[in-house]
Each structure stands twice: as C-alpha cells, then as structure tokens.
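Peer 1: Positions in the sequence shown are counted from 1; adding 30 to them yields the working numbering. The structure's right below; bear with me while I get my questions together.
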Amino acid sequence: MKILLLGPPGGGKGTQAKLLINKYKIPQISTGDILRKHVDNKTNLGQKANAYMQNGELVPDNLILNMIKKRLSENDSKGGYILDGFPRTIPQAEGLDNILNELNQTLDIVILLDVKDSDIIERMSGRRMHLKSGRVYHIKFNPPKIKDIDDITNEKLVIRKDDHPETVKKRLKIYHKTTKPLINYYNSRNIVSSINGNNDINKVHQNLIDLIKNV
Ligand code: AP5
31 MKILLLGPPG
41 GGKGTQAKLL
51 INKYKIPQIS
61 TGDILRKHVD
71 NKTNLGQKAN
81 AYMQNGELVP
91 DNLILNMIKK
101 RLSENDSKGG
111 YILDGFPRTI
121 PQAEGLDNIL
131 NELNQTLDIV
141 ILLDVKDSDI
151 IERMSGRRMH
161 LKSGRVYHIK
171 FNPPKIKDID
181 DITNEKLVIR
191 KDDHPETVKK
201 RLKIYHKTTK
211 PLINYYNSRN
221 IVSSINGNND
231 INKVHQNLID
241 LIKNV
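And the structure:
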C-alpha cells in the first residue's frame, strides 16, 4: 500500500502516520523528519536546509527530490510506505511521478487531512517532539505520560524551532499557495479522499482506516 498524506502544517500527518505504520507495518517517509536528522547531524544537506526550515520556508525542490529518490530505493520501501510532508509543490509531485515510474510503482491513495487554520496555531503552540524518532505529543490533546519526557525512551522532548506562531502563519500561507494545488493535481487521477482532521486523534485514525480498507 502506497499512501500519501496531504495536509496543512500541524494538521496531524505525523501523528496519524505513526499510528498507521504500527497497524500496516510499512515505513513512514517524512521529509521533515529526515531533514531534521540531517540538521541535527550537521550534514551537508542539513546545513543547506537549516535556514529554510527555521524561517518556515520550503527547502529547494532539487534537494528534496534527491533525498527522496534515495529513500524510496531502500529495501524497506518495496512493500509500501506512507509519504508524510512530500510532495509539497507541483515540481516535487512531477519528480515523484518520474521516480515512481522508474521503480514501476504507483500511489494507491492520497488522503487530505483537512484542518481549519484557526486550530493549527493552538496545536503547534502545544506540540512537543522526540527528535530522534519523530514522535509527537501535545500538552493538552496528546500529553506524554511524564511532562516533557518521551514515553518510549525517557529522553527529553523539545519544542520545534519553527513552531513559533509567526513562523506557523508563514508556513500556512505557503501551504495554501504552493501545496494545496496538489489536490487538483491528484484529483485528475481519482485517488484523492478527504478526512475531517478537526476531529480528535482516535476518530481521525478510525476514519483513515475505514478509507484505506476500501482501496
Ligand atoms: P514538516 O516536518 O513536514 O512539517 P509540516 O508539514 O509543516 O507538518 P508538521 O510536522 O508541522 O505537522 P503534522 O501535520 O505532522 O502534525 P503533527 O502530527 O505533528 O516540515 C518542516 C519543514 O521542513 C518545512 O517547513 C520545510 O522547511 C521543510 N520540508 C519538509 N518537507 C519538505 C518538502 N517536501 N519540501 C520542501 N521543504 C520541506 O500534529 C501537530 C500537533 O497537533 C501535535 O502536537 C499533535 O499532538 C497535535 N494533534 C495532531 N492531531 C490532532 C488532533 N486530531 N486533535 C488535536 N491535536 C492533534
């Protein structure tokens, strides 16, 4: 199963992807998580991407496409995956089509997690993250068992540098202008379904499973 999760920043893509990988035993491929690891490890790519990410801007398409091509060629991607946060621009979607053609693969479903802008700001301001695993929490909606501590590793949770309200507003603006046109791009193939992402985490998860079951 090859699933693409589309939606605004803070819309719950990462949260839902983590729940789905446990159920379907396929990897989550999050360009945001991969980039954050590069930044953390101060790799060449991380150094190039860091300023864009901190400013809430998109990292250039060519860097993202090179990164994703490598990731989709890895062995664990052969049986399916969940794309989270990629593609985000029309050139990225076209690049993905080329990569999938080379790999003789097609996307099975594109799921739009639709969330109101007004809810996003509250979600981002309460988000806490375990950087190494990409696990996300929320101080109110999905709190860790111990305040600011990851449930699995007992390591400290962090606040993402791009979760500042002004940066979030900028990311939302970019989403509406640059990423939303992907809905039409994939609509022409009849593979887009939309889910109300304003519901609570469990309800959204259940609705996702119901959708995926029918593919
Ligand atoms: P990335 O990490 O992909 O960020 P994003 O797409 O902006 O999405 P987020 O990770 O912020 O949110 P999410 O939808 O995963 O929500 P989450 O589950 O965490 O990208 C970061 C940066 O990297 C970009 O700005 C860009 O610079 C760069 N980048 C990445 N990919 C790129 C690409 N393809 N091209 C170019 N640049 C790229 O949930 C958010 C919060 O809400 C959490 O606290 C969670 O607990 C809570 N929550 C989740 N669901 C619910 C719910 N139903 N009800 C209440 N609370 C909820």
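Even for Gly, the Cβ is constructed at its ideal location relative to N, Cα and C.
1. Would you check if there are 3 or more beta carbon pairs closer than 8 Å linking the region 150-157 to the region 79-91?
2. Grab the span of the beta strand (DSSP E) containing GLN58 for me, first residue to last.
3. Look at MET159 and VAL198 and say whether their C-beta atoms are less than 8 Å apart.
4. In chain order, what residues of the same chain have a beta carbon less than 8 Å from the beta carbon of SER107, not counting five sequence neighbours either side?
5. For the beta strand (DSSP E) that contains ASP114, what are its first and last residues?
6. Check whether the Cβ of SER60 lies closer than 7 Å to any heavy atom of the ligand AP5, and answer yes or no.
7. Per DSSP, SER103 is paired with what?
8. Using the Cα positions of PRO173 and ILE120, report the straight-line distance between them to the nearest angstrom.
9. With a CB to CB cut of under 6 Å and the five nearest residues on each side skipped, what residues in its chain are close to THR208?
10. Could you check if GLY109 is buried or exposed, using at least 16 other CB atoms within 10 Å of its CB as the buried criterion?
11. Taking the beta carbon of THR45 as the centre, do at least 16 other beta carbons fall within 10 Å, making it buried, or is it exposed?
12. Would you give the residue range spanned by the beta strand (DSSP E) that ASN226 belongs to?
13. For ARG158, which residues does DSSP report across the bridge?
14. How about LEU143 and GLY37: are their beta carbons less than 8 Å apart?
15. Report all residues from its chain with a CB closer than 7 Å to the CB of SER224; omit the five preceding and five following residues, and keep chain order.
Peer 2: Taking the structure as given:
1. Judged by Cβ distances under 8 Å, the region 150-157 makes no contact with the region 79-91, as fewer than three pairs qualify.
2. Walking along the sequence shown from the start, residue 58 turns up at place 28. Per DSSP, GLN58 belongs to the beta strand (DSSP E) from 58-60.
3. Counting from 1 along the sequence shown, the entry for residue 159 is found at position 129. Counting from 1 along the sequence shown, the entry for residue 198 is found at position 168. Against a cut-off of 8 Å, the Cβ pair of VAL198 and MET159 comes out as no contact.
4. By 1-based counting over the sequence shown, the position of residue 107 is 77. Excluding residues up to 5 positions away in sequence, PRO57, ILE59 and ARG101 lie with their Cβ nearer than 8 Å to the Cβ of SER107 in the same chain.
5. As a first step, residue 114 is located in the sequence shown; it is residue number 84 there, counting from the start. Where ASP114 is concerned, the enclosing beta strand (DSSP E) stretches over 111-114.
6. Looking up residue 60 in the sequence shown gives position 30. Within the cutoff, so yes.
7. Working through the sequence shown from its first residue, we reach residue 103 at position 73. For SER103, which the question treats as bridged, DSSP gives no partner whatsoever.
8. Start at 1 with the first residue of the sequence shown, and residue 173 comes out as number 143. Start at 1 with the first residue of the sequence shown, and residue 120 comes out as number 90. Each residue's alpha carbon lies about 36 Å from the other.
9. Numbered from 1 along the sequence shown, position 178 holds the residue referred to as residue 208. The residues are THR119.
10. Here residue 109 refers to the residue found at position 79 when the sequence shown is read from its first residue. GLY109 comes out exposed.
11. Here residue 45 refers to the residue found at position 15 when the sequence shown is read from its first residue. Classification for THR45: buried.
12. In the sequence shown, residue 226 corresponds to position 196, counting from 1. Looking at the DSSP string, the run of the beta strand (DSSP E) that includes ASN226 is 222-226.
13. Numbered from 1 along the sequence shown, position 128 holds the residue referred to as residue 158. The partner list for ARG158 (beta bridge, DSSP) reads TYR167.
14. For the purposes of this step, residue 143 is taken as residue 113 along the sequence shown, with counting starting at 1. For the purposes of this step, residue 37 is taken as residue 7 along the sequence shown, with counting starting at 1. Yes, they are a contact pair.
15. One-based indexing of the sequence shown puts residue 224 at position 194. Result list for SER224: LEU142 and ASP144, in chain order.
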